[in-house]
Amino acid sequence: MFRSIALATFRSQRWPTLAWGLALAIFAVFSMWTNWRNEYPSDEARQLLAEQVDSGGLRFAQVLFGQPERVDEFRGHLEWRGLGLHPLLLGLFMVISATAVSRGAEERGELDLVLAGPRRRSRIFLEQAAGLGLALLTLCFLVWLAVLVSGPAAGEPIPPAGRALLSVLNLALAAALFMALALLVAQFARSRRAAGSVAGAILVASFLWANLGLVATSLGGWRWLSPLYLYSRSTPLADGDVSVSALGLTALLTAAALASAGWLFARRDAGAVVRIPFPGFAEAASERAGSVSHRTWLLGGSVQRGLREALGPTLLWGVGSALFAALFTTTTPSIRRGFDDLSETREAVQRLEFDLTSHAGILSALLFLVLPLLLSLFAAAQAASMASQEQSGRLELELAYPLRRHWYFLQRSIALLIAIALAAAFAGGAFLATAASMDLDLDWRKAVIACLLLPLPASIVAAFGYALTGWRPRFVAAGVAAALGASFLFDLLAPALDLPAAVQKVSVFQLYGQPLLDGILWADLAVMVGLVLVFLAAGSMGFARRDILK
Amino acid sequence: MEIAAKRPAGAPGEVPAIRTLGLTKLYGERRGVFDLDLEVRQGEIFGFLGPNGAGKTVTIRLLLDLIRPQSGRAEILGLDCRRQAVAVHRLVGYLPGELALEPRLTGRQLLTYFANLRGGVEWSFVEDLAGRLELNLEQRFGEYSRGNKQKVGLVQAFMHRPRLLILDEPSGGLDPLHQETVAELVREARDETGSTIFFSSHILSEVQSLCERVGFIREGRLVELAPVHELPGMNTYRVTAELGKPMRPETIASIDGVTKVRVDGTSVSCAVRGDMAPLIEALAPHHPHRLVSEEPDLSEAFLHLYGAAAESESGRSATTNHPARRNYQ
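Each protein sequence line maps, in turn, to chains A and B. Here the first sequence is numbered in my numbering, starting from 1 and rising by one per residue. Here the second sequence is numbered in my numbering, starting from 1 and rising by one per residue.
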């Protein structure tokens, strides 16, 4: 495994790759088992599903799973519900891995020795990319196996291996494109976290943009702006349709992004960034002019320092979420008009347990499903920062200062909770302002409540991350990602499992519920606040008791 | 070695600056510290020595409550390091062996933050320290050289004039000129503020020139604790001579206190413990035209205590030494 940089890169990612690959595989098999076998067990139910799709009654689900094709057949259903989220999940893994082996390795100073060896920089870069490619192939192999297994698991024959392979190839190319984009972004970002945040935001925005265009007809003509539009052009499992030009273009874009990133990597200083001469980087410009900024604001203590660290990602995610909220809110009337035209399928629509005939119902089922997820992703990315600082030795000195460990821990947690609240305020504010300007038919008290409650699911994710930081700092990133993924997937699959309401509340997204329709459910609110407090108390206790890593 | 202390270190009745009692922290069989009893007096400069992995940093991290002992206890200025950690940290300035700080912040921003964590410090003193160490505070930490990063750590350790300075390899990465500045800062902290300085170092000449007492640690156990001049090997001089005519080794080997005799033609070398006069008298008939006596240094004690296993490492350290030489030519 140490014979080449490619193998060493793959080795560094082998456990996350296996864990993520298994999770994706299990998700694909499990969702088919629950959906195909339990939710749509008969031909009649599947026929009704197809009718809903044809008449536009399943637009809400398209925001998450993309364009449905032949959903009344097993293979079509598999490609839509079983693999619909995989471009996002696979892409997310590649973004995390790519930023870890590029900017992360530079941050930790691990790359200096490699760069001092007898290899050209461009070769080192290509070998790293090859190592990431190996990880991607491993993941895709596991997903391919899952596609094959999902047939028997759902009581159907094994899907054709060739078509399954083409479907996974389509997935792999989409994920490779975001890996290449993440490597490109890493050339401009000062830290792994910044690179991951920007590349992750591009991925999430691309995913939502491509799918939102399916729902909002006014945006349909602009779907091509998303790189994932190319992914949606091929549906090899559903109907054998493969767009060679879309696959080729994705490969070409990937190659271009890789070449650009490699070119920049070979020319810039090790450990430094490629500077972009535009206003956001005014600090860098002033540095060149010989006057480095002496700003010492937000350095008054640990809360302020935590906020300062999270400021960039908070603005990025906050503004991104706000744009999404505003955009979605503007499309709500057109979505509602679409449903109004579906009088013949109204009965079928009502079966979906969502009220999609009112502005509030549409926003609650779609926007307020995605916004808590976006904020939770932000919280998950930030929750690992303290643990990674500890592992790189950055807490050694701070904890030798006269601060109680409990208090230091809580201050850092509070800083993250404030950052989450700020990001949520951007999103909620944008939603309220847009909805008010469009005079949507909403209960404004409930709208404000829905916005005020927005930070809570993300706060639970953050507090869980801090609880892990308190006890097992090495497992924070993987633990939070796994918990968040499981929570979201459980939220999607729980209705099909017909579980008791109390059990369904295991998911933080179920706990958040539909405040835009239901207002405050005090019991759920108390559970959410309680979970945050319990996680923080547990983390604080663990952090105060254990040895600090060095 | 002349140190003009304002008050004697460890005046009677004073609580020790550092005291450990049976302090134990094990990582496997041979790593960590085991049953460590150590006492450092107030106002003294104490050197803490040992080979790599001996347990120096573990001891320091235990004193700062960054890690917790499996048994035993540690006190700083009478305060329990575990239960009164915050009060202890108020009194201590700490320089870690490996300094890792936020790379995007400048030296000034980092020092501002650390000053704020202490509730503020006299900023003119920070500027003064930075000036003496020739540290540009406007650069980002990630862009500093290794030595300049070390200077940021030194400034933050000294800036609040702590009663106890715990410095883990304070001269690491510094050039000789700045090593001397650090030595001056250490002496001033002791003389002007009455601070106690506890530091670990591999630069034996630095320890020898600064410290009154040293403690040697090996495989987690304290193997020697004594004033520098009382350490084994510290009263042994290395003598080399170039003679006018050859001499047989037995001529000097029989002299009391002379050991390790080597004769190579007209070149003679040996170790001398105690009075030098009998050796000089024995060499005189052979017309010595060059006689060099190297003052004893800590590497002798180091070699003595750590034996052959440490010899190669000690040899490397010794090459950085510049022991004063008395030339009898």
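Even glycine gets a Cβ: it sits at the ideal position worked out from N, Cα and C. The model shown is predicted, which means the values in this text are computed figures rather than measured ones.
- In this structure, the beta-carbon distance from residue 131 (chain A) to residue 7 (chain A) falls below 8 Å.
- Residue 387 (chain A) counts as buried, since no fewer than 16 other beta carbons sit within 10 angstroms of its beta carbon.
- Judged by DSSP secondary structure, residue 158 (chain A) falls outside any alpha helix (DSSP H); it is assigned neither H nor E.
- Taking residue 206 (chain A) as reference, the option from A:538, A:22, A:174 and A:547 with the minimal CA-CA separation is A:174.
- Think of a sphere of 7 Å around the beta carbon of residue 478 (chain A): no beta carbon from chain B falls inside it, the nearest being about 23 Å out.
- Bounds of any alpha helix (DSSP H) do not take in residue 271 (chain B); it lies within the beta strand (DSSP E) bounded by 267-273.
- Secondary structure at residue 38 (chain B): strand, using DSSP grouped into helix, strand and coil.
- Against chain A, a Cβ distance below 7 Å from residue 96 (chain B) picks out 396 and 397.
- When DSSP states are grouped into helix, strand and coil, residue 416 (chain A) belongs to the helix group.
- Here DSSP, grouped into helix, strand and coil, assigns residue 237 (chain B) to strand.
- In the DSSP assignment, residue 102 (chain A) forms no beta bridge with any residue.
- When Cβ-Cβ separations below 8 Å define contact, residue 102 (chain B) makes contact with chain A.
- For residue 68 (chain B), the chain A residues whose C-beta falls within less than 9 Å of its own C-beta are 545, 546 and 547, listed in chain order.
- Closest in alpha carbon position to residue 249 (chain B), among B:264, B:235 and B:238, is B:264.
- With a threshold of 8 Å between beta carbons, residue 114 (chain B) makes contact with chain A.
- Of the candidates A:456, A:482 and A:73, the residue whose Cα lies closest to the Cα of residue 50 (chain A) is A:73.
- Separation of residue 191 (chain A) and residue 550 (chain A) (C-alpha to C-alpha, rounded to the nearest whole angstrom) is 20 Å.
- In this structure, residue 221 (chain A) keeps its C-beta atom at 8 Å or more from the C-beta atom of residue 37 (chain A).
- Residue 197 (chain A) is bridged by DSSP to nothing; it lacks a bridge partner.
- With fewer than three CB-CB distances shorter than 8 Å, the stretch 355-367 of chain A does not count as touching the stretch 178-198 of chain A.
- Within the same chain, 24, 26, 220 and 221 come within 7 Å of residue 34 (chain B) by CB-CB distance, once the 5 residues on both sides are set aside.
- Contact residues of the stretch 117-136 of chain B toward chain A are 117 and 118 (C-beta to C-beta distance below 8 Å).
- In the three-state reduction of the DSSP assignment, residue 22 (chain B) falls in the strand class, which pools E and B.
- At a cut-off of 8 Å between beta-carbon atoms, residue 392 (chain A) makes contact with chain B.
- Comparing alpha carbon positions, the residue from B:246, B:125, B:278 and B:44 closest to residue 215 (chain B) is B:44.
- Listed in chain order, the positions of the stretch 439-473 of chain A with a beta carbon within less than 7 Å of a beta carbon of chain B would be empty, since no residue qualifies.
- In the DSSP assignment, residue 324 (chain A) forms no beta bridge with any residue.
- Partner residues in the beta bridge of residue 290 (chain B), as assigned by DSSP, are B:242.
- By the CB criterion at 8 Å, residue 536 (chain A) and residue 463 (chain A) fall inside the cutoff.
- Residue pairing of residue 491 (chain A) in beta bridges, as defined by DSSP: absent, with no partner found.
- No Cβ-Cβ contact shorter than 8 Å links residue 359 (chain A) with residue 298 (chain A).
- Spanning the alpha carbons of residue 181 (chain B) and residue 52 (chain B) requires a straight line of approximately 26 Å.
- At a cut-off of 8 Å between beta-carbon atoms, residue 501 (chain A) makes no contact with chain B.
- For the stretch 188-203 of chain B, no residue has a beta-carbon sitting nearer than 9 Å to a beta-carbon of chain A.
- Identification of chain B residues near residue 190 (chain A) by a Cβ-Cβ cut-off of 9 Å yields 103, 104 and 142, ordered along the chain.
- For residue 403 (chain A), the chain B residues whose Cβ falls inside 8 Å of its Cβ are 86, 89 and 117, in order along the chain.
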